[in-house]
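This report refers to the structure that appears directly beneath it.
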Amino acid sequence: MNCNPPAANLKDAYNSVLIDPLQSGDPRWVDCSSARGDTDIVGNLAFRIEGSGRSTAQLISGHRGCGKSTELLRLVNRLEREKFLVVYFAADEDIDMGDLVYTDLLLSIIKRLERTLSEKGIQIDERLSRGIMMWFADVVYGWTDQTAMEATLKTEFELGLQSPAPLPMIAKLLARITGQIRTGHESRKDIRLSLDPQIFALIERINEYIRAALPEIKKKGYRDLVIIIDNLDRIVLRVLDEKTGRTTHDALYLEHAEQLKALDAHMVYTVPISMFYSPKATQLSGAFPNYKILPMIKVENEDGSPCQDGIDLLSDVAKKRINVESLFESGLIDFLAEKSGGMLRDFIRLLGYTIEMAEAGGGKIPVPKRYAERAFRFLINEYGRMVPDRHFELLAKVAKNKKAKNDTDHQAMLYNLSVLEYMNGDRWCDVHPAVRELAEFKDACRQIE
Amino acid sequence: MPADRSSDIEARSLLEEILPQNQETLQHIASFIRLAETFRVVFVKCNQPVQCRQMAARLKEMLRGEADIVDVHLKEPVSSLRRATLVSLELGKHEAQAKRAIQVFGFERSIPSEGPAPALDELNQSRENFPKSFSGPFLIWLPDYALTRLAREAPDFWGWRSGVFEFSPERKLMDFVERSIIQDVQGDRLSLEQKIERAKALDGLIGDYREMQRGERENRAFADVLRRQGDLRGQLGEYDEARCVYEESLKISEEIGNKNGVAEALHKLGNLAYLTGEFDEARKLYEHSLKISEDLGDKRCVSRSLQQLGILAQDFGDYDEARKLYEQSLEIMNELDDESGVSGSLHQLGMLAQDIGDYDEARDLYELSLGIKEDLGNKSGMSSSLHQLGMLAQYTGDYDEARRLYQQSMNISQDLGDKRSMALSLAQSALIEVQQGNVRAALDLITQAEAIFKQIDAKNYAQRTRDLLERVENKLAEMGSKQSE
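So the protein sequences, as listed, match chains A and B. With the first letter of the first sequence counted as 1, position 212 gets the number 266 in the numbering used here; the numbers rise by one all the way through. With the first letter of the second sequence counted as 1, position 447 gets the number 1334 in the numbering used here; the numbers rise by one all the way through.
Right under this line is the structure:
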């Protein structure tokens, strides 16, 4: 956690602008909800969980680098303060996102749950736990003899890296299964083949496990159990069926919506923002009425005039890290804020570029604004590399209509951040300021006029 | 790459002065390395391996005493950039110093210009693992095309970048690379490894040309570079890649109205069509090329097209037509005093005599041709003469001599990385074994040959070897059933 005073020299300033998400409680966090269309995402998500006696399933979505992970870590913090037991994990640490099937996710959930419970010293009924373990052992590996299984797992784990604390047998078993799935081990296919027909039984086993744990969790003074899965939106978008256009995203979030909702805990899943712009958006919001999209920070109004509120907020983000007045010429930060399109990560990136170039140019303080302009040119080139030629005409239309259609091209444009989404009352979209500077984009705009 | 190293030294003296924008980029990278105290990933765009090495050397010079920069060279495609880098660092036993930056070269080997790139999928998901493995600045050097693919296909990793630095093409360096590579590509005296290195350097050069504003002079040179790359790719058995670059070369030559270039590219495309068994297409392309060369009065090219058309006629059994074409071709080559061309025509006339069954005549012609090729150091030509002499020995029942000649031919083809010729010699050797009743040895050889033909997509040969394979397998099955009886 960074509690240092704002950086007052270029080197410290440079190292205070990192692209990684902030941990909850970091004093550098700035409440940007007013410029995100007054949506307090964390508050909303937490409110549903706190106010509901039954289990809930909510979705959160947002552009890459818009502050989603930072907000989710705040949610964890808030719920923990409210006495919830929170299991938070990044899906891509457990699962191969290039080849994810629903059962992988369930396995990962129970593994993480088991780990959290054991870390918190929460023990569940020994017999029940063993029953669940042997169910997995039988279904996945066809092992029915507990003693033989324990011997196998013991040798495997002792030959491998020493785990810091002796793992309970069920943890070893789950680690073995998820490990084989994660690394694309050849037995991945076999594991899936054996689990797939058992999907309802699998959910039932997990729910049994949760139900057995809940009284123990409550005994420790927690109100309920919440499972938050970050980075699940990184699941690679691939068309699975050319005819119907069915994708990997559809397979997880639509076809398994009921299963995603069937777990006996408060669930929060991350979803790719492009799903809300796919032809199946209605189907998704029908399955999950409780979803939240984290929009960009609005630095420009729909009519193109600067939105000072958002610019000031981004400027606060900089001020929490850097002694802006002494290091930068006035107007520099506002310029960068506008050109970032309200995307936090690009704003942070532009700050870094500006400092690098000022240093390369001799390190004069305060840094003149022209370095910020050059930093922006770099960002423009980077976007130029990302945007395929066929998108420019569509981008010109988005800039004109401030709307993105529900089709695959627009999904791709939201995914690669050439189109950004904002909110004030209504949702609206615009083209990233860096893309707007590209010659191909300007040509396309002239064409459609 | 010993051959490149000496040329590097020469290139450096050429590049005492680099473009001001490249100097600025160097300073920018240096200030990035000076400033960064934690893991940060940046990309450096630089098309040519030679330019990469030079810029990296200058960078080290600039940061001497301030930062330790460790280079990682990936020599082969990798499935995981992170793991491959870790393995390479481990092998190099680099001790952690006060400040260490890592720069990785050669990741483009894992990013083909087309087709699936699993290394990018892996990279896209592994960003979180990088800071666990590396603690300082991490620079990934890539040519333009590879960086663009990465930006589009590994968006999550790209999203974490802390910078993209771009080096512009240095005209002087391009000229140098062009001269030094093109000289030696022509002779076909290169080993497989050298060819792969040259192809990579030419890719860099092509990237540079694509980026720059080109006038007619540059377009002419660009079309030539593309054609050379096509030759190399063809020699490496990468026919699809070869076709792509020949077609681009053809397009550019047409645009600037360079008829020689057009004729040349058509001829090369004809060769490719022939090699992949599309004979009608090949004939059309050769005839088109011939027409243009005749209009231009370019005798050398006329003679070459005549010879190729002769080969086609011979393949279709039209021996009189074939002889007429070869003799016309030989006459022009003699007139031009082109020894290499003469040796080629003699070889073809030998093939014709062989087809007709006049083996003594054929042997004389091949030996004449082989002698000239030896004098010229034309290895690939030598390999095919030896192969043909092997066939003659085989036809006349001198199997040991035939085996010896095929082996000699194969040794040369292997050095040259000429897969097609190797497979041909393998297939012929298999036939000897069949003739001598060594069915298992035959099966082994023919299987190897078929795999190569399939790999290089030589359809007609693949079909023929498959038929042979089937025959051999049937024979083996027959023998098996006899034995069990």
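For glycine and all other residues, C-beta sits at the position ideal for the given N, C-alpha and C.
Among the options, nearest to residue i - alpha-carbon criterion
i	options	result
N1361/B	S1192/B, A1329/B, I1319/B, D1224/B	A1329/B
D278/A	Y469/A, V140/A, H303/A, V485/A	V140/A
L1156/B	R1327/B, L1177/B, G1144/B, I1143/B	L1177/B
L99/A	R431/A, K374/A, I282/A, D400/A	I282/A
E1165/B	G1102/B, L950/B, A1345/B	A1345/B
G416/A	E1222/B, H915/B, I905/B	H915/B
L338/A	L381/A, D304/A, I365/A, R184/A	D304/A
S123/A	A111/A, A144/A, E136/A	A144/A
I289/A	I351/A, V489/A, T302/A	T302/A
I956/B	R1327/B, S1022/B, D1242/B	S1022/B
N131/A	W482/A, V280/A, D74/A	V280/A
D1112/B	L1123/B, R1097/B, S1267/B	Checking the displayed sequence, the identity of residue 1112/B turns out to be Val instead of Asp. Of the candidates L1123/B, R1097/B, S1267/B, the one whose C-alpha sits nearest the C-alpha of V1112/B is R1097/B.
Q501/A	F446/A, S106/A, L468/A	F446/A
E413/A	E904/B, L906/B, T912/B, P907/B	T912/B
F389/A	F138/A, A191/A, S369/A, S162/A	S369/A
T170/A	S384/A, L182/A, Y142/A, A488/A	Y142/A
Beta-ladder partner(s) of residue i, from DSSP
i	result
E475/A	C483/A
Q112/A	V322/A
I281/A	V141/A, M321/A
E354/A	P360/A
K1019/B	Its beta-bridge partners do not exist; DSSP assigns none.
Q990/B	D958/B, L1026/B
Inter-residue CB distance, residue i and residue j (contact presumed, cutoff 8 Å)
i	j	result
I409/A	A67/A	6 Å
N1011/B	P1042/B	7 Å
T324/A	D284/A	6 Å
Q935/B	A1088/B	7 Å
Cβ of residue i within 8 Å of any chain A Cβ
i	result
G1002/B	no
A988/B	no
T1035/B	yes
L1010/B	no
L922/B	yes
W1028/B	no
P1024/B	no
N914/B	One point to set straight first is that residue 914/B is Gln, not Asn, in the sequence displayed. Q914/B counts as touching chain A.
G1046/B	yes
R1107/B	no
F919/B	yes
P907/B	no
D1043/B	yes
P1056/B	no
Proximity test, Cβ basis, 8 Å: residue i and chain B
i	result
M440/A	yes
F430/A	no
I186/A	no
L228/A	no
K451/A	no
K174/A	no
R108/A	no
R399/A	yes
G406/A	yes
A145/A	no
M411/A	yes
A414/A	yes
N470/A	yes
Y68/A	yes
G396/A	no
Assess, as a yes-or-no matter, whether the segment 492–501 of chain A is touched by the segment 1021–1034 of chain B under the definition of 3 or more beta carbon pairs within less than 8 Å. no
How about the segment 1298–1310 of chain B and the segment 1258–1265 of chain B: do they share at least three Cβ pairs that are nearer than 8 Å? no
Using 8 Å as the threshold, is the segment 452–459 of chain A in touch with the segment 418–426 of chain A, meaning 3 or more CB pairs across them? no
Check whether the segment 1174–1192 of chain B and the segment 1146–1162 of chain B are in contact - that is, three or more C-beta pairs closer than 8 Å. yes
For the segment 1301–1313 of chain B against the segment 1084–1094 of chain B, do three or more pairs of beta-carbon atoms, one drawn from each stretch, fall closer than 8 Å, so that the two count as touching? no
Does the segment 1185–1201 of chain B touch the segment 1216–1233 of chain B, meaning 3 or more C-beta pairs lie closer than 8 Å? yes
Whether or not the segment 151–165 of chain A and the segment 360–375 of chain A are in contact is what I'm after, with contact meaning three or more pairs of Cβ atoms, one per stretch, closer than 8 Å; do they touch? no
How do the segment 345–352 of chain A and the segment 472–482 of chain A stand: do at least 3 beta-carbon pairs fall below 8 Å, yes or no? yes
I'd like to know if the segment 923–932 of chain B and the segment 955–973 of chain B are in contact, where contact means that at least 3 CB-CB pairs between them fall below 8 Å. no
Assess contact between the segment 183–190 of chain A and the segment 256–263 of chain A, defined as three or more Cβ pairs (one per stretch) separated by less than 8 Å. Is contact present? yes
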